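Novice: Protein chains in written order, with the working numbering: chain A, 148 to 445; chain B, 148 to 445. All residues carry an ideal CB built from backbone N, CA and C; glycine is no exception. Just so we're clear, the structure is a prediction, and the values are computed from it rather than from any experiment. Please find one structure pasted underneath; my questions will follow.
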DNA sequence: ATTGATTAATCGGAAAAAGCGATTACATAC
DNA sequence: GTATGTAATCGCTTTTTCCGATTAATCAAT
């Protein structure tokens with residue numbers, strides 16, 4: 148069991164490397180300059196190599212110093228995470244939680260679910276960010292978000308997923324449309340129509356096509372909607388038909404519009420709603436409970 | 148800047164979680180039982196949550212305790228790595244180094260290079276392991292190897308690669324073969340022959356085929372060699388022709404065999420020799436110097 | 001039930017460390 | 001030169017860390 152540097156020493160190192168100034172680094176660490184200076188020297192003695200060049204009037208970290216400072220940042224972050232894990236274990240449903248949501252879920256699910264969430268978890272401070280899946284996952288990876296509420300299937304990286312349930316697609320078409328008013332629409336019905344979809348980047352676009360076993364390549368791209376509300380308007384104006392998730396219909400997205408809605412036959416085309424988080428996250432229990440609380444609203 | 152646990156406390160936690168016994172854990176940490184006991188309590192106070200269940204006579208870690216112990220192991224390992232990085236910066240070419248080598252490089256390159264390496268880097272303790280690329284990379288990932296000497300192209304993960312140079316393929320055929328004794332062989336020449344290759348799993352098999360722009364699918368698989376030496380014997384016995392890297396020829400693999408060797412025309416088919424290591428490795432400078440020292444032997 | 005053995009927690013005091021303020025040493029700017 | 005800004009050093013105090021001894025609790029054997 149070798150002697151290793153203390154986190155305190157590493158914190159000092161990081162502070163100096165960041166600022167190239169002992170005095171300021173000491174202030175940032177809330178210790179005196181002499182204390183910090185001594186700490187750095189201990190570290191250099193222990194490692195047996197210089198970490199800082201003190202020539203001239205300025206301090207410059209050596210290559211080794213920079214390398215070790217980088218690694219130290221990681222270690223310090225890991226130590227902070229320990230605190231987070233413990234805090235989350237003590238009170239899973241308290242504190243700030245940064246949640247990402249995609250635009251085809253957020254506006255429909257959250258207005259219904261949030262009041263109940265606030266009541267059930269009064270100490271939870273929920274910060275929401277709405278964006279497309281890819282960008283939310285970037286932020287999740289970067290640690291800016293704690294979890295993301297999105298639609299599956301989607302090629303996720305090394306994340307943990309909690310499946311919250313399915314969300315079926317229905318066909319929305321103009322009320323005076325020639326489609327026979329039978330119970331359910333078939334993929335063939337849709338294939339013969341002018342199918343309106345969200346613009347590229349929305350996962351719903353690909354998921355809807357895949358779920359209905361339709362080819363996306365030869366789609367009419369002249370009429371791409373920027374939101375599900377836009378799409379509904381476009382259908383009401385007779386521009387074509389569209390696929391709409393049940394969640395949006397439940398939220399009344401076609402209320403007041405002169406359109407008709409039909410379920411789809413057969414394999415019950417749907418997307419799945421999932422809550423995902425980093426495999427290393429400190430708050431898995433928090434997410435699990437959050438997911439359970441959201442489930443009834445699907 | 149929050150208060151975080153000390154590495155010392157984390158070491159205590161890991162020791163207890165591993166052994167479920169304060170006394171043994173204390174002994175393993177070279178401290179008294181009272182010291183360790185106090186350290187654990189500090190940690191529990193700091194985190195505000197119990198890490199160990201002390202009911203009955205036995206100690207059982209809580210779920211949180213296990214989780215934190217896992218994370219702590221990572222942090223402690225990271226701290227040890229700091230020491231390694233510093234040590235490697237002080238004396239790059241000293242200490243133990245576990246190097247993996249593939250079978251189509253090791254037996255030809257190392258006998259020539261090792262004496263010189265030993266002389267140039269007398270303090271380097273080189274431990275060698277010979278295996279196929281895929282398995283070496285697994286061990287590299289697991290931290291059992293520090294670096295791997297292999298042949299490219301190969302689909303590597305997130306590794307750093309140092310290119311050491313190219314290694315050309317030549318055609319080896321029986322001395323009495325009908326091939327005209329022109330200077331160089333073409334891919335077409337080879338395509339019409341019974342081409343002998345190493346058995347599956349050897350990267351050389353695919354690399355040779357790719358470099359010569361030959362399709363591998365319809366190859367005769369009845370005669371797969373288990374080593375380049377075997378292949379050379381098979382050619383001498385008139386079973387077909389084969390592709391041999393220059394490195395093996397230089398090492399005299401066909402010496403005493405009744406075969407002929409011809410270079411290949413055109414795009415000079417070759418594999419590249421590379422030294423790879425983990426992007427997070429503590430000893431990049433060591434590997435760089437090692438690579439430079441190996442280069443002249445290609 | 002009593003005794004003995006094992007184990008973790010607790011306590012008092014010693015040793016080590018971490019920290020501070022003041023001072024020194026050094027380089028640069030004026 | 002002198003003033004200024006900076007890091008290193010020194011003496012001293014406070015805090016932390018650690019140990020050995022003791023206590024309290026549990027379990028096993030009698």
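Between which residues of its own chain and residue 155 of chain A is the CB-CB distance below 7 Å, once the five residues before and five after are set aside?
Specialist: Taking the first chain and counting its residues from 1, the one referred to as residue 155 of chain A is at position 8. So the list reads 186, once near-sequence residues are dropped.
Novice: Considering only their Cβ atoms, is the gap separating residue 434 of chain A from residue 449 of chain A smaller than 8 Å?
Specialist: Residue 449 of chain A cannot be examined here, being either before or after the span of chain A that is shown, 148 to 445.
Novice: Residues of chain A with CB under 8 Å from residue 280 of chain B, in chain order?
Specialist: Walking along the second chain from the start, residue 280 of chain B turns up at place 133. Under the 8 Å cutoff, chain A gives no residues; its nearest Cβ is about 23 Å from residue 280 of chain B.
Novice: Against chain B, which members of the segment 224 to 242 of chain A pass a CB distance test of less than 9 Å?
Specialist: Taking 9 Å as the Cβ-Cβ cut-off against chain B, the residues of the segment 224 to 242 of chain A that qualify are 225, 226, 227, 228, 229, 230, 232, 233, 234, 236, 237.
Novice: Between the C-alpha atoms of residue 232 of chain A and residue 217 of chain A, what's the straight-line distance to the nearest angstrom?
Specialist: For the purposes of this step, residue 232 of chain A is identified with residue 85 of the first chain, where counting begins at 1. For the purposes of this step, residue 217 of chain A is identified with residue 70 of the first chain, where counting begins at 1. Approximately 23 Å between the Cα atoms of the pair.
Novice: Can you find the residues in the same chain that come closer than 6 Å, C-beta to C-beta, to residue 430 of chain B, ignoring five residues on each side of it along the sequence?
Specialist: As a working mapping, residue 430 of chain B is identified with position 283 in the second chain. The residues are 235.
Novice: Which partner residues does residue 421 of chain A have in the DSSP bridge list?
Specialist: If you number the first chain from 1, residue 421 of chain A lands on position 274. Looking at the DSSP assignment, residue 421 of chain A forms a beta bridge with A:297, A:310.
Novice: Going along chain B in order, which residues have a C-beta closer than 7 Å to the C-beta of residue 458 of chain A?
Specialist: There is no way to answer for residue 458 of chain A, as the model of chain A reaches only from 148 to 445.
Novice: Considering only C-alpha positions, which residue in the set A:409, A:255, A:425, A:237 is nearest to residue 317 of chain A?
Specialist: Within the first chain, the letter at position 170 stands for residue 317 of chain A. Closest by alpha carbon: A:409.
Novice: Hey, could you find the ends of the beta strand (DSSP E) residue 276 of chain B is sitting in?
Specialist: Within the second chain, the letter at position 129 stands for residue 276 of chain B. Start and end: 271 to 277.
Novice: Note the first and the last residue of the continuous beta strand (DSSP E) segment covering residue 391 of chain A.
Specialist: Position 244 of the first chain holds residue 391 of chain A. Run containing residue 391 of chain A: 388 to 392, per the beta strand (DSSP E) assignment.
Novice: Just how far apart, CA to CA, sit residue 94 of chain B and residue 198 of chain B?
Specialist: In the structure as shown, chain B starts at 148 and stops at 445, and residue 94 of chain B therefore has no counterpart that could be examined.
Novice: Buried or exposed: which applies to residue 399 of chain A, given that a residue is buried once 16 or more other Cβ atoms fall within 10 Å of its Cβ?
Specialist: The sequence position of residue 399 of chain A within the first chain is 252, counting from 1. That one is exposed.
Novice: So if I threshold CB-CB distances at 7 Å, which residues from the segment 181 to 197 of chain A count as touching chain B?
Specialist: From the segment 181 to 197 of chain A, only 194, 195, 196 have a Cβ closer than 7 Å to chain B.
Novice: Helix, strand or coil, according to DSSP, for residue 238 of chain B in the structure here?
Specialist: For the purposes of this step, residue 238 of chain B is identified with residue 91 of the second chain, where counting begins at 1. Residue 238 of chain B falls in the coil class under three-state DSSP.
Novice: From the beta carbon of residue 214 of chain B, is the nearest beta carbon of chain A less than 8 Å away?
Specialist: Here residue 214 of chain B corresponds to residue number 67 of the second chain, with the count starting at 1. It does; some Cβ of chain A falls within 8 Å.
Novice: Kindly indicate the opening and closing residues of the beta strand (DSSP E) around residue 108 of chain B.
Specialist: As shown, chain B starts at 148 and ends at 445. That puts residue 108 of chain B outside it, with no answer to give.
Novice: Using the beta-carbon count (16 or more within 10 Å), is residue 158 of chain A buried or exposed?
Specialist: Locating residue 158 of chain A in the first chain gives position 11, where the first residue counts as 1. By the 10 Å Cβ count, residue 158 of chain A comes out buried.
Novice: Measure the Cβ-Cβ separation of residue 227 of chain A and residue 213 of chain B and say whether it is below 8 Å.
Specialist: Residue 227 of chain A sits at position 80 when you count from the first residue of the first chain. Residue 213 of chain B sits at position 66 when you count from the first residue of the second chain. No; because the gap between Cβ atoms is not below 8 Å, this pair is not in contact.
Novice: Quick test of your reading: residue 313 of chain B and residue 168 of chain B, contact by CB under 8 Å. State the CB separation rounded to the nearest angstrom.
Specialist: If you number the second chain from 1, residue 313 of chain B lands on position 166. If you number the second chain from 1, residue 168 of chain B lands on position 21. With 8 Å as the limit, residue 313 of chain B and residue 168 of chain B do not qualify as a contact, their Cβ atoms being about 58 Å apart.
Novice: List the DSSP bridge partners of residue 244 of chain B.
Specialist: Here the question's residue 244 of chain B lines up with position 97 in the second chain. Residue 244 of chain B pairs with B:273.
Novice: Give the secondary structure of residue 184 of chain B by DSSP, where H, G and I count as helix, E and B as strand, and everything else as coil.
Specialist: Against the second chain, residue 184 of chain B aligns to sequence position 37. In the structure shown, residue 184 of chain B sits in a helix (DSSP, three-state: H, G or I).
Novice: Please report the Cβ distance between residue 393 of chain A and residue 286 of chain A, rounded to the nearest whole angstrom; I am assuming they are in contact, meaning their Cβ atoms lie under 8 Å.
Specialist: Stepping through the first chain from its first residue, residue 393 of chain A is reached at position 246. Stepping through the first chain from its first residue, residue 286 of chain A is reached at position 139. Their Cβ separation, rounded to whole angstroms, is 28 Å, which puts residue 393 of chain A and residue 286 of chain A out of contact at 8 Å.
Novice: Return yes when the Cβ of residue 283 of chain B is within less than 8 Å of the Cβ of residue 249 of chain B, no when it is not.
Specialist: Within the second chain, the letter at position 102 stands for residue 249 of chain B. Within the second chain, the letter at position 136 stands for residue 283 of chain B. Contact flag set, yes.
Novice: Against chain A, with Cβ distances strictly below 8 Å, would residue 222 of chain B count as a contact?
Specialist: For the purposes of this step, residue 222 of chain B is taken as the residue at position 75 of the second chain. It does; some Cβ of chain A falls within 8 Å.
Novice: Apply the 10 Å Cβ neighbour rule to residue 288 of chain A and answer buried if 16 or more other Cβ atoms are within range, or exposed otherwise.
Specialist: Taking the first chain and counting its residues from 1, the one referred to as residue 288 of chain A is at position 141. Answer is exposed; the Cβ neighbour count stays below 16.
Novice: Which residue or residues does DSSP assign as beta-bridge partners of residue 208 of chain A?
Specialist: By one-based count along the first chain, residue 208 of chain A stands at place 61. A:199.
Novice: Can you grab the Cα-Cα spacing for the pair residue 290 of chain B / residue 352 of chain A, in whole Å?
Specialist: By 1-based counting over the second chain, the position of residue 290 of chain B is 143. By 1-based counting over the first chain, the position of residue 352 of chain A is 205. The alpha-carbon atoms of residue 290 of chain B and residue 352 of chain A are separated by roughly 43 Å.
Novice: Alpha carbon to alpha carbon, how far is residue 151 of chain A from residue 425 of chain A?
Specialist: Position 4 of the first chain, counted from the first residue, corresponds to residue 151 of chain A. Position 278 of the first chain, counted from the first residue, corresponds to residue 425 of chain A. Each residue's alpha carbon lies about 29 Å from the other.
Novice: Please report how far the alpha carbon of residue 346 of chain A lies from the alpha carbon of residue 303 of chain B, in whole angstroms.
Specialist: Taking the first residue of the first chain as 1, we reach residue 346 of chain A at position 199. Taking the first residue of the second chain as 1, we reach residue 303 of chain B at position 156. Approximately 36 Å between the Cα atoms of the pair.
Novice: Could you tell me the distance, in whole angstroms, from the CA atom of residue 348 of chain B to the CA atom of residue 278 of chain B?
Specialist: To locate residue 348 of chain B, count along the second chain from 1; it is residue 201. To locate residue 278 of chain B, count along the second chain from 1; it is residue 131. Computed Cα separation, rounded: 10 Å.
Novice: For chain B, check one thing: does any of its Cβ atoms lie closer than 8 Å to the Cβ of residue 201 of chain A?
Specialist: Here residue 201 of chain A refers to the residue found at position 54 when the first chain is read from its first residue. Closer than 8 Å: no.
Novice: Find the residues of chain B that neighbour residue 149 of chain A, judging by a C-beta separation of less than 8 Å, and give them in chain order.
Specialist: Here residue 149 of chain A refers to the residue found at position 2 when the first chain is read from its first residue. Neighbours of residue 149 of chain A on chain B, chain order: 227, 230.
Novice: State yes or no: is the C-beta of residue 247 of chain A within less than 8 Å of the C-beta of residue 276 of chain A?
Specialist: Working through the first chain from its first residue, we reach residue 247 of chain A at position 100. Working through the first chain from its first residue, we reach residue 276 of chain A at position 129. Contact: yes.
Novice: Any beta-carbon of chain B closer than 8 Å to the one on residue 218 of chain A?
Specialist: Indexing the first chain from 1 puts residue 218 of chain A at position 71. Yes, residue 218 of chain A counts as interfacial toward chain B.
Novice: Can you pull the chain A neighbours of residue 154 of chain B, defined as C-beta to C-beta under 7 Å?
Specialist: As a working mapping, residue 154 of chain B is identified with position 7 in the second chain. What residue 154 of chain B touches in chain A: 151, 153, 154.
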